[in-house]
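In what follows, a single structure is set out as structure tokens and then discussed.
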Amino acid sequence: MSRDVTAQSDIAKMKVEADGSFKRLDASFRRWIERGGEFEPEAGRYHLYVSLACPWATRTLIMRKLKGLDDFIDVTVVSPKMGANGWPFGNVDDFPGAQPDPIRSAAHVKDLYLSIAPDYSGRFTVPVLWDKKTSTIVNNESSEIIRMFNSAFDHLLPADKAALDFYPEDLRKQIDEVNAWVYDDINNGVYKSGFATSPEAYRAAVVRVFDALDKVELILEGKNYLLGDRLTEADIRLFVTIIRFDPVYVGHFKCNLRTIRGGYPNIHLWLRKLYWGNDAFQSSTDFDHIKTHYYWSHPSINPTRIVPLGPVPHIEPL
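In this text, residue positions in the sequence shown follow my numbering: the first is 64, and each later residue adds one.
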């Protein structure tokens with residue numbers, strides 16, 4: 064008899080801290096694609112499982128597109144309707160844009176995890192970077208996957224793509240510093256606000272979100288990018304939260320002190336320039352998947368599963 068893993072797959076069974084605050088668990092698979100290592104960079108060897116709704120997975124799609132890795136790493140998109148069994152593939156839920164698993168014909172993302180680690184005790188998250196040669200998960204931590212995509216395949220790429228570096232040596236210290244507080248207070252901060260189960264935990268989380276957004280607004284005064292005069296990993300990591308902010312986090316996660324479009328002119332301009340000016344950002348953004356996932360998949364927050372129509376438009380023109 065198979066064991067019950069719904070505590071790992073069903074968001075309705077997610078546990079919070081005693082004070083009602085939300086704490087995200089660390090990723091479990093942390094291996095690397097690198098020359099001379101266990102996972103050699105090779106065209107066609109690796110497969111990426113993503114949800115277009117998930118900001119963490121979207122990071123990897125943006126970097127894959129920016130670096131020209133479309134022909135190197137295949138992608139499968141799951142349905143945004145994450146239910147009791149977690150993320151379903153398109154053969155289980157035929158939501159527009161969802162695809163069946165071409166590697167193992169799995170029904171849910173959890174099946175990938177359990178196929179290689181039957182005793183796995185973590186959550187069944189995306190993205191999943193899969194090695195087709197050895198039939199295993201290389202990595203499920205998006206921040207590490209984008210670092211791999213940034214440089215691991217450079218020796219195989221055309222010179223123009225290999226020359227693109229979104230984690231440049233001269234900015235690494237600054238990028239790491241910005242990433243740290245953006246992750247804690249904005250990327251994960253919206254979740255700490257939305258999943259809080261006590262007024263005290265909610266208030267503490269939402270105030271930190273907007274304090275951090277105020278900080279970003281000052282940084283972006285008269286600038287196109289967070290650091291230096293170029294697009295870096297820091298912009299990619301912030302973008303995936305900001306693009307979801309007005310359509311989802313304002314209402315669903317109660318991050319409603321201000322909207323991006325109404326309260327942060329510098330962030331709003333930065334957002335629109337990235338979305339409308341760079342296909343890697345626009346092509347990785349699917350508002351139907353984004354809104355359906357959050358409003359449908361979190362019944363403890365939205366028991367009716369009604370997906371709101373607004374905001375209109377989802378993103379404003381330049």
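We treat Cβ as the ideally placed atom computed from N, Cα and C, and that holds for glycine. No experiment lies behind these values; they were computed from the predicted model shown.
Nonlocal neighbours in the same chain, by C-beta distance under 7 angstroms from E80, ignoring five residues either side: K86
H377 to I330 span [Cα, whole Å]: 15 angstroms
Once DSSP output is grouped into helix, strand and coil, what is the label at Y176? helix
Start-end ranges of the beta strand (DSSP E) lying completely within the stretch 80-151, minimum 3 residues: 109-113 and 136-140
Do L124 and V141 have their beta-carbon atoms positioned less than 8 angstroms apart in this structure? no
What residues in its chain sit with their C-beta under 8 angstroms from that of M64, if we drop five residues either side in the sequence? Summary for M64: the model assigns pLDDT 41, below 50, so the residue's position carries little reliability; its value from the coordinates is reported in the next sentence. There are no such residues.
Enumerate, from N- to C-terminal direction, the unbroken beta strand (DSSP E) stretches of 3 or more residues contained entirely within the stretch 273-332. none
Should E284 be listed as close to the ligand MN, given that the test is whether its C-beta is under 7 angstroms from any heavy atom? The ligand MN is not among the ligands present in this structure, which contains no ligands whatsoever.
Rounded separation between Q71 and D292 - CA only: 42 angstroms
Pull the bridge partners of D194 from the DSSP assignment, please. Y109 and T199
Going along the chain, which residues of its own chain have a beta-carbon closer than 7 angstroms to the beta-carbon of A75, five neighbours each way excluded? P362 and S363
List the endpoints of the continuous alpha helix (DSSP H) containing N242. R235 to V245
Contacts around A225, its chain only, beta-carbon distance under 6 angstroms, and the 5 residues preceding and following it disregarded: D217
Decide if the stretch 303-323 is in contact with the stretch 92-99; the criterion is three or more beta carbon pairs, one per stretch, under 8 angstroms apart. no
Find the nearest neighbour of N319 within the set V270, V155 and D157, judged by alpha-carbon distance. V270
Nearest by alpha-carbon distance to D164: which of Y327, L294, T260 and L111 is it? L111
Since L132 and F212 are thought to touch, with beta carbons under 8 angstroms apart, how far apart are those beta carbons, to the nearest angstrom? 6 angstroms
Which first and last residues belong to the alpha helix (DSSP H) in which M77 is found? Careful: M77 lies outside any alpha helix (DSSP H) and carries neither H nor E.
Looking only at DSSP bridge pairs, what is H171 linked to? P151
Helix, strand or coil: which one does DSSP assign to D157? coil
Is the beta carbon of S418 sitting closer than 8 angstroms to the one on V272? Examination of residue 418 is not possible in this model, given that the chain is present from 64 through 381 alone.
Going by Cα to Cα distance, which pick from I353, K236 and V253 is closest to L115? I353
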